[in-house]
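If you're matching positions, the sequence shown starts at 166 in our numbering and goes up one per residue. Built from N, CA and C at the ideal position, the CB exists for glycine as well. Below: one structure, written as structure tokens.
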Amino acid sequence: MLYHASIAAKDPENVSKVVAEIWGGEHFPFLPLQNGSWMAVASDDRNTALEVYPHNSIIDYEDPKVVVPNPAPSGTNRVETHLAIGTGLTADDIFAIGEREGWFAQRLRRKMGFDVVELWIENRVMLEILTEEMQSDYLETTTTPRWMAALEKWKEAKLG
166 MLYHASIAAK
176 DPENVSKVVA
186 EIWGGEHFPF
196 LPLQNGSWMA
206 VASDDRNTAL
216 EVYPHNSIID
226 YEDPKVVVPN
236 PAPSGTNRVE
246 THLAIGTGLT
256 ADDIFAIGER
266 EGWFAQRLRR
276 KMGFDVVELW
286 IENRVMLEIL
296 TEEMQSDYLE
306 TTTTPRWMAA
316 LEKWKEAKLG
């Protein structure tokens, strides 16, 4: 289960506001850092949160209470990070948000057998958004036994 995660964005306040909208939650300045970071909090039973730090910031392992400017930003636009999150909104709602924000969005079927709406925050960070209709398929198809079966199938194909 996910309790919270962090990503970086060029406009942390707006990104946290959009994620809060998708979750039906709230967004707040992330007070522990006081550096322009914001957070979105879902209205779920775990208070799931997404902390959104200013782009080109890093968490410093020597002092994890601060987020500092990255001394050597890669210059690349897209990042390795992505999250799969659930929502009570429809796929059309997510597409409307993407259009409003100028962010790329598309509906895709994943190989494991479930659909997602990819919403690319600031066209940099991918959120795999699972509507209520998609969440049950996701939970049914991403079980440990299914992953193990897929791994065995992959091994057989590789050896055969």
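- Query: Using the C-alpha atoms, what's the distance from Leu-324 back to Leu-254?
  - Reply: Reading the sequence shown from its first residue, position 89 is the one you call residue 254. Reading the sequence shown from its first residue, position 159 is the one you call residue 324. One C-alpha to the other measures close to 44 Å.
- Query: Where does Arg-275 fall in DSSP's three states?
  - Reply: Position 110 of the sequence shown holds residue 275. Arg-275: coil per DSSP, three-state reduction.
- Message: Using C-beta distances below 6 Å, list every residue in its chain close to Phe-260, excluding the 5 sequence neighbours before and after it, in chain order.
- Response: Along the sequence shown, read from residue 1 onward, the residue named residue 260 stands at position 95. For Phe-260, the CB contacts under 6 Å within the same chain, skipping 5 residues up- and downstream, are Ala-270 in chain order.
- Beta-carbon separation of Gly-278 and Thr-306 under 8 Å? The residue you call residue 278 lines up with position 113 of the sequence shown. The residue you call residue 306 lines up with position 141 of the sequence shown. Yes. Within cutoff.
- Sort out for me which residues DSSP pairs Ile-187 with in a bridge. Here residue 187 refers to the residue found at position 22 of the sequence shown. Ile-187 is not bridged to any residue.
- Task: Classify Gly-267 as helix, strand or coil using the three-state DSSP reduction.
- Result: Residue 267 sits at position 102 when you count from the first residue of the sequence shown. It is coil, neither helix nor strand.
- Task: Write down every uninterrupted run of the beta strand (DSSP E) in the segment 283-324 whose length is 3 residues or greater and which is fully enclosed by it, in chain order.
- Result: 290-295
- Which listed residue (Val-184, Ile-250, Ser-301) has its alpha carbon closest to that of Ala-205: By one-based count along the sequence shown, residue 205 stands at place 40. Selected option, being the one with the closest Cα: Val-184.
- Query: Span of the beta strand (DSSP E) holding Tyr-168?
  - Reply: Counting from one through the sequence shown, the residue named residue 168 turns up at place 3. Neither: Tyr-168 is in no beta strand (DSSP E) and is coded neither H nor E.
- Message: My output table needs one value for Phe-260: the three-state DSSP class, helix, strand or coil.
- Response: Indexing the sequence shown from 1 puts residue 260 at position 95. Phe-260: helix per DSSP, three-state reduction.
- Distance, Thr-308 Cα to Glu-317 Cα: As a working note, residue 317 is residue 152 in the sequence shown. As a working note, residue 308 is residue 143 in the sequence shown. When rounded, the distance between both Cα atoms is 14 Å.
- Item | Burial state of Tyr-168, where buried means 16 or more other Cβ atoms lie within 10 Å | Taking the first residue of the sequence shown as position 1, residue 168 is located at position 3. Result: exposed.
- Sequence-distant residues of its chain with Cβ nearer than 7 Å to Ser-202 (five each side left out): What you label residue 202 is simply residue 37 of the sequence shown in a count that begins at 1. Pro-177, Phe-195, Glu-216, Val-217, Tyr-218, Pro-219, Val-232.
- By a C-beta neighbour count over all protein chains shown, 10 Å radius and 16 as the cutoff for buried, is Glu-264 buried or exposed? Here residue 264 is taken as the residue at index 99 of the sequence shown, counted from 1. Answer is exposed; the Cβ neighbour count stays below 16.
- Tell whether a beta-carbon distance below 8 Å holds between Glu-191 and Ile-262. Sequence index remark: in the sequence shown, residue 191 carries index 26 (1-based). Sequence index remark: in the sequence shown, residue 262 carries index 97 (1-based). Going by C-beta atoms, Glu-191 is not nearer than 8 Å to Ile-262.
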